[in-house]
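K.L.:
Protein sequence lines, in the order shown, are assigned to chains Z and X. This note's numbering numbers the first residue of the first sequence as 7 and each following residue consecutively. This note's numbering numbers the first residue of the second sequence as 40 and each following residue consecutively.
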Amino acid sequence: MSADEHRLRSGRPRGRWSGRVFYAFLLLSLAIGFATLGALLVQVVAEGYKWVDAVLFLEPPSANPKIAGAEPAILATIYLGVLLLAFTIPLGLGTAIYLEEYADRNRWYNRLLEVNIQNLAAVPSIVYGILGLAFLVRGLGLGRVLLAGAMILTLLVLPTVIIAAREAIRGVPDSIRQGAYALGATKWQVVWRQVLPAATPGIATGSILALSRGLGETAPLLLVGALTYVAFNPTPLGEFTALPVQIFQWVARPQDEFRVLAAAGIIVLLGILLTLNAFAIWLRNRYQRRW
Amino acid sequence: MATREAAAPLRLRAERRRWGEDVVKGVLALCALVSVATTVGIVVALFEPAIEFFRHVSIVDFLTGKNWAPLFEPSSFGVLPLIAGTLLVTACACLVCVPFGLGAAIYLSEYAGAKTRNTLKPMLEILAGVPTVVYGYFALTFVSPLLRDVGLPVGVFSALSAGLVMGVMLLPTVASISEDSMAAVPSDLRDGAYALGSTRLQVSTRIVVPAAISGIIASFVLAISRAVGETMIVLVAAGGQPNWTWNPMEAVQTMTAFIAGTGQGDVPTGSIEYKTIFAVGATLFVMTLVMNLVAIRLVRRYREAYE
Numbered sequence: 007m008s009a010d011e012h013r014l015r016s017g018r019p020r021g022r023w024s025g026r027v028f029y030a031f032l033l034l035s036l037a038i039g040f041a042t043l044g045a046l047l048v049q050v051v052a053e054g055y056k057w058v059d060a061v062l063f064l065e066p067p068s069a070n071p072k073i074a075g076a077e078p079a080i081l082a083t084i085y086l087g088v089l090l091l092a093f094t095i096p097l098g099l100g101t102a103i104y105l106e107e108y109a110d111r112n113r114w115y116n117r118l119l120e121v122n123i124q125n126l127a128a129v130p131s132i133v134y135g136i137l138g139l140a141f142l143v144r145g146l147g148l149g150r151v152l153l154a155g156a157m158i159l160t161l162l163v164l165p166t167v168i169i170a171a172r173e174a175i176r177g178v179p180d181s182i183r184q185g186a187y188a189l190g191a192t193k194w195q196v197v198w199r200q201v202l203p204a205a206t207p208g209i210a211t212g213s214i215l216a217l218s219r220g221l222g223e224t225a226p227l228l229l230v231g232a233l234t235y236v237a238f239n240p241t242p243l244g245e246f247t248a249l250p251v252q253i254f255q256w257v258a259r260p261q262d263e264f265r266v267l268a269a270a271g272i273i274v275l276l277g278i279l280l281t282l283n284a285f286a287i288w289l290r291n292r293y294q295r296r297w
Numbered sequence: 040m041a042t043r044e045a046a047a048p049l050r051l052r053a054e055r056r057r058w059g060e061d062v063v064k065g066v067l068a069l070c071a072l073v074s075v076a077t078t079v080g081i082v083v084a085l086f087e088p089a090i091e092f093f094r095h096v097s098i099v100d101f102l103t104g105k106n107w108a109p110l111f112e113p114s115s116f117g118v119l120p121l122i123a124g125t126l127l128v129t130a131c132a133c134l135v136c137v138p139f140g141l142g143a144a145i146y147l148s149e150y151a152g153a154k155t156r157n158t159l160k161p162m163l164e165i166l167a168g169v170p171t172v173v174y175g176y177f178a179l180t181f182v183s184p185l186l187r188d189v190g191l192p193v194g195v196f197s198a199l200s201a202g203l204v205m206g207v208m209l210l211p212t213v214a215s216i217s218e219d220s221m222a223a224v225p226s227d228l229r230d231g232a233y234a235l236g237s238t239r240l241q242v243s244t245r246i247v248v249p250a251a252i253s254g255i256i257a258s259f260v261l262a263i264s265r266a267v268g269e270t271m272i273v274l275v276a277a278g279g280q281p282n283w284t285w286n287p288m289e290a291v292q293t294m295t296a297f298i299a300g301t302g303q304g305d306v307p308t309g310s311i312e313y314k315t316i317f318a319v320g321a322t323l324f325v326m327t328l329v330m331n332l333v334a335i336r337l338v339r340r341y342r343e344a345y346e
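1. Can you give the Cα-Cα distance for alanine 198 of chain X and leucine 147 of chain X, rounded to whole angstroms?
2. Going along chain Z, which residues have a C-beta under 8 Å from phenylalanine 181 of chain X?
3. Look at the alpha carbon of glycine 220 of chain Z and the alpha carbon of glycine 135 of chain Z, and state the distance between them as a whole number of angstroms.
4. For chain Z, check one thing: does any of its Cβ atoms lie closer than 9 Å to the Cβ of asparagine 331 of chain X?
5. Excluding the five sequence neighbours on either side, which residues of its own chain have a C-beta within less than 8 Å of the C-beta of serine 8 of chain Z, listed in chain order?
6. Counting only the same chain and skipping the five closest in sequence on each side, list residues whose C-beta sits under 6 Å from that of glutamate 44 of chain X.
7. Count the other CB atoms within 10 Å of the CB of tyrosine 293 of chain Z; is the residue buried (16 or more) or exposed (fewer)?
8. Pull the bridge partners of alanine 108 of chain X from the DSSP assignment, please.
9. Using only the heavy atoms of the ligand NAP, determine whether one of them is closer than 8 Å to the beta carbon of isoleucine 90 of chain X.
10. How many Å lie between isoleucine 272 of chain X and tyrosine 176 of chain X at the Cα?
11. Any idea what DSSP makes of methionine 288 of chain X, helix, strand or coil?
12. Would you mind working out which of X:Val75, X:Val207 and X:Thr77 sits nearest valine 135 of chain X, comparing C-alpha positions?
13. Strictly under 9 Å for the Cβ-Cβ distance: is proline 281 of chain X near chain Z by that measure?
14. Using a C-beta to C-beta distance shorter than 7 Å, which residues of chain Z count as neighbours of lysine 64 of chain X?
15. Buried or exposed: where does tyrosine 55 of chain Z fall if 16 or more other Cβ atoms within 10 Å of its Cβ makes it buried?
16. Assuming leucine 279 of chain Z contacts proline 170 of chain X (C-beta within less than 8 Å), just tell me the rounded distance between them.
17. Just to make sure I have the definition right: I need the residues of chain Z whose C-beta is within less than 8 Å of the C-beta of serine 74 of chain X. Which are they?
18. Considering only residues of the same chain and omitting the five flanking positions on each side of alanine 334 of chain X, which have a CB-CB separation below 6 Å?
19. Check the Cβ of valine 207 of chain X against every Cβ in chain Z and list those closer than 7 Å, keeping chain order.
20. Tell me, please, whether the CB atom of tryptophan 194 of chain Z is closer than 9 Å to any CB atom in chain X?
21. Please list, in chain order, the residues of the region 246-270 of chain X that have any C-beta partner in chain Z closer than 9 Å.
22. Considering only C-alpha positions, which residue in the set Z:Thr94, Z:Thr281, Z:Leu164 and Z:Leu81 is nearest to threonine 247 of chain Z?
23. For tryptophan 23 of chain Z, does the count of other Cβ atoms within 10 angstroms reach 16, so buried, or fall short, so exposed?
24. Please list, in chain order, the chain X residues whose beta carbon lies closer than 8 Å to that of serine 218 of chain Z.
25. If you count every other CB in all the chains shown that lies within 10 Å of the CB of phenylalanine 238 of chain Z, and 16 or more means buried, which is it?
26. Which same chain residues, not among the five before or five after methionine 40 of chain X, have their C-beta less than 7 Å away from its C-beta?
27. Here's the rule I'm using: 16 or more other beta-carbon atoms within 10 Å means buried, otherwise exposed. How should arginine 265 of chain Z be labelled?
28. Check whether the region 113-123 of chain X and the region 169-182 of chain Z are in contact - that is, three or more C-beta pairs closer than 8 Å.
29. Report yes if the CB atom of valine 128 of chain X is closer than 9 Å to the CB atom of alanine 277 of chain X, and no otherwise.
30. Name the chain Z residues whose beta carbon is nearer than 8 Å to that of isoleucine 298 of chain X?
31. Buried or exposed: alanine 132 of chain X, going by 16 or more other Cβ atoms within 10 Å of its Cβ?
32. Quick check on this structure: which residue in Z:Leu289, Z:Ser213 and Z:Arg259 has the alpha carbon closest to the alpha carbon of leucine 89 of chain Z?
33. So is glutamate 112 of chain X buried or exposed if we call it buried at 16+ other beta carbons inside 10 Å?
34. Relative to the alpha-carbon of leucine 126 of chain Z, which residue among X:Ala299, X:Glu312 and X:Val82 has its alpha-carbon at the smallest distance?
35. So is threonine 42 of chain X buried or exposed if we call it buried at 16+ other beta carbons inside 10 Å?
Have a look at this one:
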């Protein structure tokens, strides 16, 4: 924007009061979002900070709020995160590579695939829970186990990962591919040695954001049975509870002490998720390349 | 020399077939098939038990009955109270996310400089990254007492407090998609209007918003679809009793809250109570599917129009 243009645009508002009222409304719109976020953080921290202690991290839940902790829930959330990444990255990346590098976009089935993924990204999370309940827990007879929870969360965040990975792959300029082809590389060599390394920051950022979304999900895990009372540390094929589910369980109780405990759990959960988000943003800013 | 090359067309195809390459392509296509299988799985998982359910309960009674009491004797399966509860919460959410989401989008697209936009937008998106169970806690322990303090007759649980918090959660969804579609409006249109002496208010509301309308409506539709499908906020803060009412001050049960509430218990597989989960789930899925497809189509329209 040139200096002249700038002066023209920022000259005195001739809209009289209507322009100012409108501007105030726009600022209010943003302020509502930030004020809520601020109030939420203050409320949670003020309520729960006293109970973020060794008991919370090292003790199992209990009917007595004073000695109740969230160790099994926190561990299960970490296990879920590891499994989630292990399942999501190969599947999401494979689909993204197929759609961007291999699929012929004029074929109806490839277009259908695209719309299907866009739609899956907007299917309510509770519906994934029903899918897990019907197929994994009861149909396959897997039972209410951590692995079933991880699989359902995988399906839930897969569309997000695919969409992010596709954008990262699309951002790699064609000249890179052409150069590799000119040197005699096969298609897979081009993808594996040129396109993927160049797209890695974008893919990593997208995957971490999806991980953070998956770890904050509660509803599908309720249906896969994470609400059972679990006083022992989780195993992949054992019953489990996850941190958001544990928080829900505490919020749902009428006693005030459990509300405090819930706030303490929320501090830990938000701590994990905000760290993941910050890491993702740092990755993007540090490694993102403009071609 | 030149003529001979022209006579023999260049052979760009590989001399021999590379099986490894075909295997790779096959594996990648298999990955892509997982998404297709997910959709098929959802449809089968929902509709097979739902169809069985409708053998016992007439679909007309289900869709028009005003009494939802599947676990009582005598049981009654009118889904309208759940749908009404869902719509009531959604309407409260729209009160927040439609005007203020659009306002935030106009600010980011038309008023903020590039630097402000690049800091504010990710900050706003933090709101979308907060887990929904946390919003539920916030609605229950902060917003409900706040509403009581300003004199509204709300109880511990109400559609209003759940809906308002949900609206804030959806604000970045509306803002982000609307802002994208406004950014796709060519600046020629703005410059033309400024050249004719328009104010920024006039350019925003008479040029940019109409030009970006399909993306803006898509953002509304998507927000409504997400409000209808949202579970944890309503499960924590809206209440647990089906309630045939249009009063947002009252406690209501939504479709999602019913599914989560019933599905977490030990309902015996194959019982009629178990099948209600799927009947309500299928209703929810069809409602959100229609809205999602409309939104996807609208987004595609603005992309085509200006790119």
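The C-beta atom is built at its ideal place from N, Cα and C for all residues, glycine as well.
P.N.:
Quick answer:
1. To locate residue 198 of chain X, count along the second sequence from 1; it is residue 159. To locate residue 147 of chain X, count along the second sequence from 1; it is residue 108. Going by the C-alpha atoms only, they are around 31 Å apart.
2. In the second sequence, counting from the first residue as 1, residue 181 of chain X sits at position 142. Within chain Z, the residues near phenylalanine 181 of chain X are Ala45, Leu46 and Gln49.
3. Start at 1 with the first residue of the first sequence, and residue 220 of chain Z comes out as number 214. Start at 1 with the first residue of the first sequence, and residue 135 of chain Z comes out as number 129. C-alpha separation (whole angstroms): 13 Å.
4. As a first step, residue 331 of chain X is located in the second sequence; it is residue number 292 there, counting from the start. Yes, asparagine 331 of chain X counts as interfacial toward chain Z.
5. Mapped onto the first sequence, residue 8 of chain Z falls at position 2. Summary for serine 8 of chain Z: the model assigns pLDDT 48, below 50, so the residue's position carries little reliability, and this model does not support an answer.
6. Here residue 44 of chain X refers to the residue found at position 5 when the second sequence is read from its first residue. A caution first: glutamate 44 of chain X carries a pLDDT of 47, below 50, which makes its placement in the model unreliable, though a value can still be read off. Cβ neighbours of glutamate 44 of chain X beyond the five flanking positions: none.
7. Here residue 293 of chain Z refers to the residue found at position 287 when the first sequence is read from its first residue. Answer is exposed; the Cβ neighbour count stays below 16.
8. Reading the second sequence from its first residue, position 69 is the one you call residue 108 of chain X. Alanine 108 of chain X pairs with X:Ser115.
9. Summarising the ligand content, the structure contains no ligands, and the ligand NAP is consequently not present.
10. By one-based count along the second sequence, residue 272 of chain X stands at place 233. By one-based count along the second sequence, residue 176 of chain X stands at place 137. Each residue's alpha carbon lies about 8 Å from the other.
11. Here the question's residue 288 of chain X lines up with position 249 in the second sequence. Looking at methionine 288 of chain X - three-state DSSP - the assignment turns out to be coil, as it is neither helix nor strand.
12. Position 96 of the second sequence, counted from the start, is the residue given in the question as residue 135 of chain X. If we check each option's Cα against that of valine 135 of chain X, X:Val207 comes out closest.
13. Sequence index remark: in the second sequence, residue 281 of chain X carries index 242 (1-based). No - not a single Cβ of chain Z is within 9 Å of the one on proline 281 of chain X.
14. The residue you call residue 64 of chain X lines up with position 25 of the second sequence. What lysine 64 of chain X touches in chain Z: Tyr108.
15. Within the first sequence, the letter at position 49 stands for residue 55 of chain Z. Burial call: exposed.
16. As a first step, residue 279 of chain Z must be located in the first sequence, where it is residue number 273. As a first step, residue 170 of chain X must be located in the second sequence, where it is residue number 131. Leucine 279 of chain Z to proline 170 of chain X, Cβ: 7 Å. Contact.
17. Taking the first residue of the second sequence as position 1, residue 74 of chain X is located at position 35. Those are Thr101, Leu119, Asn122, Ile123, Leu126, Leu164, Pro165 and Ile168, listed as they occur along chain Z.
18. Counting from one through the second sequence, the residue named residue 334 of chain X turns up at place 295. Closer than 6 Å at Cβ, skipping near neighbours: Ala257, Val260 and Leu261.
19. Numbered from 1 along the second sequence, position 168 holds the residue referred to as residue 207 of chain X. Residues of chain Z passing the Cβ test: Ile38, Gly39 and Thr42.
20. Position 188 of the first sequence, counted from the first residue, corresponds to residue 194 of chain Z. At least one chain X Cβ lies under 9 Å of tryptophan 194 of chain Z.
21. Leu261, Ser264, Arg265, Val267, Gly268, Glu269 and Thr270
22. Position 241 of the first sequence, counted from the first residue, corresponds to residue 247 of chain Z. Per the C-alpha coordinates, the member of Z:Thr94, Z:Thr281, Z:Leu164 and Z:Leu81 positioned closest to threonine 247 of chain Z is Z:Leu81.
23. By one-based count along the first sequence, residue 23 of chain Z stands at place 17. Under this definition tryptophan 23 of chain Z is an exposed residue.
24. As a working note, residue 218 of chain Z is residue 212 in the first sequence. By Cβ distance, chain X contributes Gly168.
25. Taking the first residue of the first sequence as 1, we reach residue 238 of chain Z at position 232. Exposed is the call here.
26. Taking the second sequence and counting its residues from 1, the one referred to as residue 40 of chain X is at position 1. For methionine 40 of chain X, the predicted structure reports a pLDDT of 42, less than 50, and the residue's modelled location is therefore unreliable. A value from the coordinates is still provided. Same-chain partners within the cutoff: there are none.
27. As a working note, residue 265 of chain Z is residue 259 in the first sequence. So arginine 265 of chain Z counts as buried.
28. no
29. Position 89 of the second sequence, counting from 1, holds the residue named residue 128 of chain X. Position 238 of the second sequence, counting from 1, holds the residue named residue 277 of chain X. Going by C-beta atoms, valine 128 of chain X is nearer than 9 Å to alanine 277 of chain X.
30. In the second sequence, residue 298 of chain X corresponds to position 259, counting from 1. Ile132, Gly135, Ile136 and Leu229, listed in chain order.
31. Along the second sequence, read from residue 1 onward, the residue named residue 132 of chain X stands at position 93. Per the 10 Å Cβ criterion, buried.
32. Translated into positions along the first sequence, residue 89 of chain Z becomes position 83. When each option's Cα is compared against that of leucine 89 of chain Z, the closest is Z:Ser213.
33. Working through the second sequence from its first residue, we reach residue 112 of chain X at position 73. Exposed, by the Cβ-count rule.
34. Start at 1 with the first residue of the first sequence, and residue 126 of chain Z comes out as number 120. The shortest C-alpha separation from leucine 126 of chain Z is found at X:Val82.
35. Residue numbering aside, residue 42 of chain X sits at position 3 when the second sequence is read from its first letter. For threonine 42 of chain X, the pLDDT reaches just 47, beneath the cut-off of 50, and the residue's location in the model is therefore unreliable, although a value from the coordinates is still provided. With fewer than 16 Cβ atoms within 10 Å of its Cβ, threonine 42 of chain X is classed as exposed.
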